[in-house]
Every structure is written in C-alpha cells, then in structure tokens.
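Protein chains in written order, with our numbering: chain A, 638 to 1101; chain B, 638 to 1101. Written out below as structure tokens is the structure these notes cover.
Protein chains: 2
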Amino acid sequence: MIKPRTPAGVMELLPRDQIAFQRMLDTIRQTFERFGFLPVETPVMELSEVLLTKSGGETERQVYFVQSTGALEKSLDKGGADGLPELALRFDLTVPLARYVAEHEHDLAFPFRRYQMQRVYRGERAQRGRFREFYQCDIDVIGKDSLSPRFDAEIPAVIAAVFERLAIGEFTIQFNHRKLLRGYFEGLGIEGEAQLLVLRELDKLDKRGADAVRETLAGEGFGLGAEVIDKLMAFSQVRSHGHADALAKLDALGAGTPLFDEGREELRTILDQLKALGVAESRYALNLSIARGLDYYTGIVYETTLDAYPQIGSICSGGRYDNLAGHYTKSKLPGVGISIGLTRLFYQLQDAGLVGTADSSVDVLLALLDDAGLAHALALSQRLRAAGLNVETQLEPRKLAKQFQYADKAGIRFVVMRGEDEAARGVVTVKDLRRGEQFEVAEAELAAALLVEREQLRSAAGKA
Amino acid sequence: MIKPRTPAGVMELLPRDQIAFQRMLDTIRQTFERFGFLPVETPVMELSEVLLTKSGGETERQVYFVQSTGALEKSLDKGGADGLPELALRFDLTVPLARYVAEHEHDLAFPFRRYQMQRVYRGERAQRGRFREFYQCDIDVIGKDSLSPRFDAEIPAVIAAVFERLAIGEFTIQFNHRKLLRGYFEGLGIEGEAQLLVLRELDKLDKRGADAVRETLAGEGFGLGAEVIDKLMAFSQVRSHGHADALAKLDALGAGTPLFDEGREELRTILDQLKALGVAESRYALNLSIARGLDYYTGIVYETTLDAYPQIGSICSGGRYDNLAGHYTKSKLPGVGISIGLTRLFYQLQDAGLVGTADSSVDVLLALLDDAGLAHALALSQRLRAAGLNVETQLEPRKLAKQFQYADKAGIRFVVMRGEDEAARGVVTVKDLRRGEQFEVAEAELAAALLVEREQLRSAAGKA
Chain A
638 MIKPRTPAGV MELLPRDQIA FQRMLDTIRQ TFERFGFLPV ETPVMELSEV
688 LLTKSGGETE RQVYFVQSTG ALEKSLDKGG ADGLPELALR FDLTVPLARY
738 VAEHEHDLAF PFRRYQMQRV YRGERAQRGR FREFYQCDID VIGKDSLSPR
788 FDAEIPAVIA AVFERLAIGE FTIQFNHRKL LRGYFEGLGI EGEAQLLVLR
838 ELDKLDKRGA DAVRETLAGE GFGLGAEVID KLMAFSQVRS HGHADALAKL
888 DALGAGTPLF DEGREELRTI LDQLKALGVA ESRYALNLSI ARGLDYYTGI
938 VYETTLDAYP QIGSICSGGR YDNLAGHYTK SKLPGVGISI GLTRLFYQLQ
988 DAGLVGTADS SVDVLLALLD DAGLAHALAL SQRLRAAGLN VETQLEPRKL
1038 AKQFQYADKA GIRFVVMRGE DEAARGVVTV KDLRRGEQFE VAEAELAAAL
1088 LVEREQLRSA AGKA
Chain B
638 MIKPRTPAGV MELLPRDQIA FQRMLDTIRQ TFERFGFLPV ETPVMELSEV
688 LLTKSGGETE RQVYFVQSTG ALEKSLDKGG ADGLPELALR FDLTVPLARY
738 VAEHEHDLAF PFRRYQMQRV YRGERAQRGR FREFYQCDID VIGKDSLSPR
788 FDAEIPAVIA AVFERLAIGE FTIQFNHRKL LRGYFEGLGI EGEAQLLVLR
838 ELDKLDKRGA DAVRETLAGE GFGLGAEVID KLMAFSQVRS HGHADALAKL
888 DALGAGTPLF DEGREELRTI LDQLKALGVA ESRYALNLSI ARGLDYYTGI
938 VYETTLDAYP QIGSICSGGR YDNLAGHYTK SKLPGVGISI GLTRLFYQLQ
988 DAGLVGTADS SVDVLLALLD DAGLAHALAL SQRLRAAGLN VETQLEPRKL
1038 AKQFQYADKA GIRFVVMRGE DEAARGVVTV KDLRRGEQFE VAEAELAAAL
1088 LVEREQLRSA AGKA
C-alpha cells in the first residue's frame, strides 16, 4: 500500500474550495475579455534552449527539467554528458509570451492584447505559503516597433475592474515611473549601476529604519551627502491620496532632467486617462518607492495592495518594458503588462479569512423518496437542466434527513421533493436550506421559480 | 538569436483558434456542472512513487520525469544512482483521481461526482495527430463500498448533452457490458485469459476480414469449433438501431450463464433509464464488439463515435470499474466514468473542417477618429463593459479603413464610430461587419442595442 500524497509545494483543493478558486479564475478571465484581451495558452514544456536564454541567475536555479523514461536512461548511461535535458517547465508566462509572439509574429495583429492564465513551475525551497506550482493570470499588450503610452493607463483600469469584481476588499494600485526615478537620480548625480544600489538601500527603509539607511548611504561605497540623502528619502516616501494630490505631488517635485520631465509628463497623461476611464480615485496612487525589476521595466511600474492587508504585499504587479523578445526576433516589441499570482493570493486570502468555502456549483438536489419515483426524478432533472440549472439527482432512495444533511454539507441550496401527495396534485416541495424555509410550487413552474431565486441571490451578492 | 519554437507533439493555437477551443472547454465544463459534477484540479507533478504503482507496462515507458536543477546535478554526480527522479508528470487523470479520493477520503461525500479538465503528458513517438501534451476532460462517480448501477445510465445522458451542445454532428454512444461478454464466453467454454485473446482476435475483424479471423480461432492455440466461432462472430457483430431494437437484440441472445443474465439485466435497466432521461434513441446503441481495457473495466463500457466520421474513432470512452484506488487505500471504491481527449478531438475536427476559426471574443471595436475623441471613447468603452460587452478601444487614431480591416481580420463584429457630427447629435454609427450594414443609434441606447444583436446571434447559433 502506498501513502497517497501530493509533492511538497503544490496547492490541491477540496471541491468547495476549488469552486471558490474557479470562480476567481472565471471573474478574472471575464474581466480580461471585457477589455478586449485575447486568450493564449502555451505548452507547459518548452525547449530548454528556448526557455533558458539568459545564462545563470536565480531563476535558472529553480527550473524544472523534464525527461521521458527513454531520454533519462540514455542520459544516465552517458553520465549526463548530454548536458541539460531537452525540455523544461515554464517558470513564468512572460518568456513563453516572448517566444509565442516571435514565433507567430506574422499571424498576429499588433498591438497584440493577450491574456494567459496557466500554471508555472519553480523549484522553490519548500516552505509555508511558497508554491512550486502556481497559477499566473497575465495580461500584456505588445506593440510592433512602438506602443502608445496610452496603453499604460488602460492596464490599471483592468486591475481596478478585476479586484472590484473579486470583492476581496479595498485596494490601491500604486505606481511609479522608471524615467521619473532615473531622471531624479541623475539630477542628484547618481548614475548607472549606482542607481540600482541606492534603490536597494531605500527599499530597506521599512525594515532597517531611516537612521540605518542614512548611515549606509553616507558611508563608504556610496558616500552621498546629507542633502542628497534627504532628497532621496523624501522622494521615495512620496505617496498621493486622490487624483488632485497625485498631480500636486508631481508638481512639487520641482524641475528635473529631461528624462525626469518626460516621466512626469507620461504620469500626468496616465492620470488624465484614468479619470476619463472613470477609475475611482481612491483606487490609484503614486508611490515613488516602487522600483520592481530594474533591468526589465523601462516606464510605468505598478503594484497593487489590499488596503487592510499590507502584509500580503503586492497582489498584482507589472509595468512597461522596451523589448519583449530580443532573444528570438530582430523586431522591436515593446509592451506593458501585469500578472496576478492567483495561487499565492488565494492561499493568503483563505489565511486571512477573506475567501471562504464556496456554495456548491450544484443548485438543486433532487431527492428520491422511493424507487417508484426514479423515472419521474430523472425526467424532471433533465427539464431543470435544460432550463439552465445544475442538478444532482439522488439515484438511490435514502432517508430524507440524510439527503438534507448531504445537501447542507455539500453547500447545495435547494432540495426538491415529490411524494405521492405532491405527485397527485402536480406540485413539488422545495426546501431552501439557505433560508431554512420550504415551499410548494407547481412542477411546471419549478425551473422558473428556482432560476428567479438564484438570480436574486446573485444580484444581492453583486451589490454586497 | 534563438529560433522561437515549441517542442514536438504539443498543440499551440493562434488566438481565434484558442477562442474556439476555449468555447469547447466551457461547454463541456458547463454541461458537467449541469449534471452535478464538482470540479477537481490536481498538480501536474505527482510523486513518482505514487504515480507509478504498476511496475513496467507501456504507459510507464512514456512517463515524463521532472527534476529541478539542483536535483538533476546531484543525480548526475552520482551517475544516476538515486534511481528514478522524485517527480513525474501525470499521464492521465485517473491515477491522480485515485490518489485524490484516497488522500481526501474522509473529507469527501460519496457517491463522489467529480469532473477534471486538465492537461496530461505522454512521451509518445512524435507523429502527426499524436500529442505529448493534451487535454483530458473526465467525469467519474466514485462510490464507497458500492455504487448503484443507476449511475451507469446517467453517464450517457451527460455524453449526449455534451455532444449535442458542442454541435459537431450526429453521434452515437455505443455500449457493451463486461458481464454480458464474459458470461457469453463462459457459456461457450472460453474462460480466463483465453477470453482476452479471443477478444483481441475478434477486434481484428475489420482489418483482417472474417475468413482470416476464423482461421486463427480454429487453428492451434485456440482450437475453437466452427459452431463456437459462428456464435462469437455473430455476438461481436450485434449492433442495435433504436431503443426497441436494443431490447430485442438483448432478448435474441437467448439463455446464458448467471453472469451473462446479470449483465443483460443491467443493460435492460440502463436502457429504461436512458428513456426516462429523455436521451434520444438515435444517440445510443448496443455494440457487442466493444471490449476496452479488459483488466480495468468490470461492467458497462462506452465508446462514442461521430456518425459521419467513423475514422476518427471513439471521441469519448469509459466504463464501470470495481475498485479505483486499491494501491492507496483499503476502502473499496467502485466507480464509473468517461474521458474526452479534447486536444486530439479538436485537432481532428479542424482537420475535418468541423470546427473553424471562431469569431473574436471581442464584441465591439471602438474606433478612434482623432485624439480629441479619446477621453470620450475611454468613458464610452467603460459604459459598454459595465453593460457586459467585451470592448477593445482603439487608443491611437488610424484611418477608418484600417480600423475596419483590423476588426474584420480579428473577427470582431461591431465597429462603433463617433465623429463630430454624431457627437453633436448624441448618436454613434455602428458598422456591423457580419451583415455588412451600418446604422445610427443614440449613444445612451448603444449598449442595449448591441446586447440585443449579440443575443439574437447566439440564439440563432443555438438553433442552427
């Protein structure tokens, strides 16, 4: 006998939790589609040569390689002389997107708006809340040669719509701009590699405290003056509250280098468009401490946080980049995009009690009182299904109490019963486990009555 | 520069094909849910020890093993002395189901009805139409200790609903019963292992012809008499046409062993219930040549074929089994289920011209005539989205002809335009690329008008 268990670092859910997870996936997908994004799915296995274009690096250490039985034996025979296995599992959805766009470049219309919601794999050290297999939900817009900064404003509108519909609490989309950041640093005489190192120190403000960070920046290696440090600290602590404040805070930064001014102008335009898109101004804010993947992003960068749960960190991040697929094509493919790590988010929302076990996807349990009722129950089930209801038919008679108990535990709201008396009168009895009530309805009107109840519940949930 | 390409044996689709594929997935999922099946997803990686419980066998030869960079290096250093890698990719959804049910046995309600629609992995030899990564869409009902044969009748009702809604042509769910089969063989004095060997020969009838098969069965090794061979051939060629004919054909088989009679009685009951479920009688038929996984199935077995495309083979197969998870638990877990190999099916449907490139998931392209119109276009887009429409906003002004061309190529039906004249009158112009017409509508009524058009189209498609 082998102990049935999953590998460490994967999330596997019981059905009612899976339903809750699936509803989040559906909401995200529907919202992505509302904004005109098109679906893409790529294989989980890519050619190692294609996937691992950057040599070395933390990410490569975490790659999972794949070998069929035959290939594995051959490679072991040779003592591994073949080098890396031919195949590897994707570790994100960005490299597969780059490969996809470059491979299908001539079949795609640009700007290409794609969404992709699939699992990715990383050989992370096993620990609580860290996953080796997890869902990413990504959108990106890819331009050919150029991509208007106007797309940068549409992205936060998508993020806002996603998290409003997910209804997991108040959130703020925070953004910064790499040109503003780099321009500001340049203005202070901090150039090139030093920008990165200073940013890393500033990033430790919360953890180390202002004094320790000041000391490091003033010390050997950096050697920054007190005035420069003051300015850096002040800059990185800029947060806006509301639309007008965001514009005012940008103005208050004063004059800067041409690069700085360019970044500020782009941010102003993006703020204007967020207003035109009707994104509530409580939903977005400047946060000039955000840096994110400095090597990769070149324009706006986004992070999204739940207002009541800052400790969860960013639940949706991304930004603008200059060239998606330089390893695969000579075409210049700038883009902007974001990613939601849904497995980790779901885990944390459950942990914080913000998502619960969902009601069943089954709307109705059709109870069976005795064998004589089977044929009628089967026929009635099919009529309810044709009307659009999800129906489980009890195929073996059991005590009613058992059937109620089962429905209750499974999260099924309605139990429909039809005894001899009801049959004679052409009605059925419906027990509504949510409200703890029961009512009679003509069998011919049952589907309509249940659909009305379901709709009321959904619109009530939508308003809540 | 690295050539961007996918590994051999995977299916990767352009967006419009992906939309068509996604619609099939959605239809299947929705239908599974209509019948009260609950969603399960399992990790793509299982522990090798758990996954590979059966030693040897064809399937194991095709397993993909997974190793992180670190584990791979360690194993190569040791010259592979560690044995098999710790992790492997699932090759079907049945073994993961067995592991899942055994692992979560005490948290699940039985009979447990689950659906699972995920990709599986097999190191198949690369050839046209063979996939190393493919979707399976499975349903199973798992009982604890026992499971009523009544579930065997519900499964074909699900299959019928799935393929009716997929609308890929007329189809027939064919079934046989292992007890009928084994009982019949026993009655002819063919027992144990010999049943399997005879069945394999009968399975070659189409390919080798009746004479060659007769010769083999009469020859050394089998040594069956002419009369027995006649009966076997007649039995395996039984096909029913319609409900009454199925019952008549069962009757005409005459008396048999108790096992045979039991199988026949179960088939009769299943036929009754299919009628009660309202499954059209053209949709199901007896086919006593169906054997399927003899080691595994113990009761009814199903295959589904497209009437006009028999060469595609079975597009949905399965059956009843006695014990799902004997490797993982002492509990007896009988079940019944089916599987649709959607990647292969989609490939073959495309090949046969039965599924085409889908219309876009985008309902409306909001054209942009000049920069001055941007703010209004953004606001209008958001209103259309709030009404439930999928909208792509053109963010940079382009020539109208280009925008039409783009929408047409992308399969977007409606292009909405608003020039100065329209703005002054509070209307917009809608170009319907499907009908090749254009019309004006008050801006306030635009969302409603487009929703009506979309709905009409959908219900027309539903009727077609």
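Cβ atoms here follow ideal geometry from the backbone N, Cα and C, with glycine treated the same way.
Chain-ordered chain A contacts of residue i [CB-CB under 9 Å]
| i | result |
| --- | --- |
| Gln-764 of chain B | Within chain A, no residue comes near Gln-764 of chain B; the closest Cβ sits about 15 Å away, beyond 9 Å. |
| Ala-1016 of chain B | Ala-913, Leu-914, Gly-915 |
Any chain B beta carbon closer than 8 Å to residue i
| i | result |
| --- | --- |
| Ala-804 of chain A | no |
| Phe-702 of chain A | yes |
| Val-687 of chain A | yes |
| Thr-690 of chain A | yes |
| Thr-679 of chain A | yes |
| Gln-1145 of chain A | Residue 1145 of chain A cannot be examined here, being either before or after the span of chain A that is shown, 638 to 1101. |
| Gln-1019 of chain A | yes |
| Gln-987 of chain A | no |
| Gln-874 of chain A | no |
Interface partners of residue i on chain A, CB under 8 Å
| i | result |
| --- | --- |
| His-964 of chain B | Met-638, Ile-639 |
Beta-bridge partners of residue i, as assigned by DSSP
| i | result |
| --- | --- |
| Arg-756 of chain A | A:Tyr-772 |
| Phe-812 of chain A | A:Leu-923, A:Tyr-939 |
| Leu-1118 of chain A | Residue 1118 of chain A is absent from the structure shown; chain A starts at 638 and stops at 1101. |
| Asp-777 of chain B | B:Arg-751, B:Gly-974 |
| Met-682 of chain A | A:Leu-726 |
| Val-1078 of chain B | B:Val-1065 |
| Val-703 of chain B | A:Val-703, B:Leu-724 |
| Tyr-958 of chain A | A:Tyr-934, A:Gly-972 |
| Arg-627 of chain B | Any answer about residue 627 of chain B is impossible in this case: the structure gives chain B only from 638 up to 1101. |
| Pro-676 of chain A | A:Tyr-752 |
| Ser-783 of chain B | B:Lys-781 |
C-beta neighbour in chain A for residue i, strict 8 Å
| i | result |
| --- | --- |
| Tyr-1043 of chain B | yes |
| Gln-1102 of chain B | Residue 1102 of chain B is absent from the model: chain B starts at 638 and stops at 1101. |
| Asp-744 of chain B | yes |
| Pro-644 of chain B | yes |
| Phe-788 of chain B | yes |
| Pro-793 of chain B | no |
| Ala-1101 of chain B | Note that Ala-1101 of chain B scores 43 on pLDDT, short of 50, meaning its location in the model is unreliable; the coordinates nonetheless yield the value given after this. Taking Cβ atoms only, chain A never reaches closer than 8 Å to Ala-1101 of chain B, which makes this a no. |
| Val-647 of chain B | yes |
| Arg-1022 of chain B | yes |
| Leu-1087 of chain B | no |
| Glu-823 of chain B | no |
Interface partners of residue i on chain B, CB under 8 Å
| i | result |
| --- | --- |
| His-741 of chain A | Leu-651 |
| Thr-994 of chain A | Here the premise fails: no neighbours, minimum Cβ distance about 11 Å. |
| Ile-656 of chain A | Leu-675, Pro-676 |
| Glu-683 of chain A | Thr-643, Pro-644 |
| Gln-910 of chain A | Leu-1011, Ala-1012, Leu-1015 |
Residues that residue i contacts on chain B, provided the C-beta gap is smaller than 7 Å
| i | result |
| --- | --- |
| Asn-1027 of chain A | Glu-670, Arg-671, Gly-673 |
| Arg-1071 of chain A | The premise fails here: Arg-1071 of chain A is roughly 18 Å from chain B at the closest Cβ pair, so nothing lies under 7 Å. |
| Ala-1012 of chain A | Ala-913 |
| Ala-611 of chain A | Coverage of chain A is limited to positions 638 through 1101, which leaves residue 611 of chain A absent and any answer about it impossible. |
| Glu-770 of chain A | Pro-680, Val-681, Met-682 |
Interface partners of residue i on chain B, CB under 9 Å
| i | result |
| --- | --- |
| Leu-730 of chain A | Residues of chain B passing the Cβ test: none, with the nearest at roughly 13 Å. |
Proximal residues of chain A, C-beta to C-beta of residue i below 7 Å
| i | result |
| --- | --- |
| Val-999 of chain B | Gly-673 |
| Met-870 of chain B | Within 7 Å Cβ-Cβ: nothing; Met-870 of chain B doesn't reach chain A, min ~36 Å. |
| Ser-785 of chain B | Leu-1032, Glu-1033 |
| Arg-736 of chain B | Pro-641 |
Residue i beta carbon near the ligand SAM (any heavy atom closer than 7 Å)
| i | result |
| --- | --- |
| Ala-746 of chain A | Inclusion of the ligand SAM in the displayed structure is not the case, the ligand content being empty and no account of it being possible. |
Meets three-Cβ-pair contact criterion under 8 Å: the segment 990-1010 of chain A and the segment 1051-1065 of chain A: yes
Within the segment 987-1074 of chain A, ranges of the beta strand (DSSP E) (whole runs, at least 3 residues): 1001-1003, 1028-1030, 1051-1054, 1064-1069
So does the segment 730-747 of chain A actually touch the segment 774-793 of chain A, counting three or more Cβ pairs closer than 8 Å? yes
Contact between the segment 657-677 of chain A and the segment 655-670 of chain B is defined here as three or more beta-carbon pairs at a separation below 8 Å; is this criterion met? yes
Is there contact between the segment 1076-1084 of chain A and the segment 1030-1046 of chain A, where contact requires at least three CB pairs shorter than 8 Å? no
Please determine if the segment 777-796 of chain B and the segment 993-1005 of chain B are in contact, where contact requires at least 3 C-beta pairs separated by less than 8 Å. no
Using a Cβ distance threshold of 8 Å, determine whether the segment 976-995 of chain A contacts the segment 838-852 of chain A, with at least three qualifying pairs required. no
For the segment 907-925 of chain B against the segment 793-813 of chain B, are there 3 or more C-beta pairs whose distance is under 8 Å? yes
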